[in-house]
């Protein structure tokens, strides 16, 4: 990890979960910001935001089991439900309240799954290129990685999923310097260490018969609980996987959300434009302080009506 250690100067912490080490960053003090990554990234994805906000907030960024600096057990239940359980255990152990959840990629359903268990603990959301509801389509290049046998060869053997992601997910190729690319790939340097990447791909529920489909459907159905919570959505428009169709769905479900559509950013929107994202998030946090009680927990899911979501701001 010497090639990128200067980019990730954070102390490592670990929580023991059934004998496995669950890694997380825990920097700063104040109202907690919990940053949840996706696949095939890890907490390294949020390094710029951790550095920017830890002077004023407590920033917690876990690595999902099988990812980053967490253990990578070969026989493990790498399911959405298990990842939610792990996050629940961590935040319970840290006794965190008044949370702001940052959600990217798989961090969306994991974070929203947690929030639905503990709506009283969550106060605000920052959403990046993700979903927390069933998808209407899955890209072919993702589906092919789910094929039995072939997926293991491509994802674990050839490292095609993690190996190609740094260049395919960034719109600004110059951002992916050798050191940054090394940072993304370092935890996934062998067949064994790529087990979590494959299991995440295999857990994408492409049809109702998939074991995880019911949970994703339930999360999507219950998202209305958070209609009145402050939400900032920052979306990279050049994302071939989480396209702007997903953004439109978020806007339909959360018509009060503040939206920043970024035309020159891709799926790794934080990597592409973190210099712009940091002041947007800082302004959002200042505009929606949690000290005065934070977001109201609705008695029942609200059904927003009106003329539809406001247009996204572009930047």
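Numbering (this note's numbering), first residue to last: 301 to 615. Cβ coordinates follow ideal geometry from the N, Cα and C atoms, glycine included.
Report the rounded CA-to-CA distance for residue 488 versus residue 516, giving the unit in angstroms. Residue numbering aside, residue 488 sits at position 188 when the chain shown is read from its first letter. Residue numbering aside, residue 516 sits at position 216 when the chain shown is read from its first letter. Each residue's alpha carbon lies about 27 Å from the other.
Every unbroken beta strand (DSSP E) within the segment 525-550, with a cutoff of 3 residues, ordered by chain: Segments of the beta strand (DSSP E) lying fully in the segment 525-550: 531-536.
Please report the straight-line C-alpha distance between residue 503 and residue 309, rounded to a whole angstrom. In the chain shown, residue 503 corresponds to position 203, counting from 1. In the chain shown, residue 309 corresponds to position 9, counting from 1. Taking the straight line from one Cα to the other gives about 32 Å.
With distances taken between CB atoms, is the gap from residue 391 to residue 414 smaller than 9 Å? Translated into the one-based positions of the chain shown, residue 391 becomes position 91. Translated into the one-based positions of the chain shown, residue 414 becomes position 114. Going by beta carbons, residue 391 and residue 414 fall inside the 9 Å limit.
What three-state label does DSSP hand residue 398 in the structure shown? Taking the chain shown and counting its residues from 1, the one referred to as residue 398 is at position 98. The answer is coil: DSSP assigns residue 398 none of H, G, I, E or B.
Whole angstroms are fine: how far does the CA of residue 529 sit from the CA of residue 452? If you number the chain shown from 1, residue 452 lands on position 152. If you number the chain shown from 1, residue 529 lands on position 229. Cα-Cα distance, rounded: 40 Å.
Judging by CA-CA distance, which residue of 470, 441 and 552 is the nearest neighbour of residue 461? On the chain shown, position 161 is the one that residue 461 refers to. Closest option to residue 461, Cα to Cα, is 441.
Quick test of your reading: residue 357 and residue 333, contact by CB under 8 Å. State the CB separation rounded to the nearest angstrom. Taking the chain shown and counting its residues from 1, the one referred to as residue 357 is at position 57. Taking the chain shown and counting its residues from 1, the one referred to as residue 333 is at position 33. Yes, they are in contact, since the Cβ atoms of residue 357 and residue 333 sit about 5 Å apart, within 8 Å.
Does DSSP put residue 517 in a helix, a strand or coil? Reading the chain shown from its first residue, position 217 is the one you call residue 517. The answer is helix: DSSP assigns residue 517 an H, G or I state.
Span separating the alpha-carbon of residue 540 from that of residue 314: To locate residue 540, count along the chain shown from 1; it is residue 240. To locate residue 314, count along the chain shown from 1; it is residue 14. Cα to Cα, the separation comes out at about 34 Å.
Spatial distance of residue 499 from residue 492 (CA atoms): Within the chain shown, numbered from 1, the residue matching residue 499 stands at position 199. Within the chain shown, numbered from 1, the residue matching residue 492 stands at position 192. Spanning the two alpha carbons is a distance of roughly 12 Å.
Span of the alpha helix (DSSP H), counted from its first residue to its last, around residue 347: Here the question's residue 347 lines up with position 47 in the chain shown. In the DSSP assignment, residue 347 falls within the alpha helix (DSSP H) that extends over 347-353.
In chain order, what residues of the same chain have a beta carbon less than 8 Å from the beta carbon of residue 439, not counting five sequence neighbours either side? Taking the first residue of the chain shown as 1, we reach residue 439 at position 139. The beta carbon of residue 439 is closer than 8 Å to those of 540 and 541 in its chain, skipping five residues each way along the sequence.
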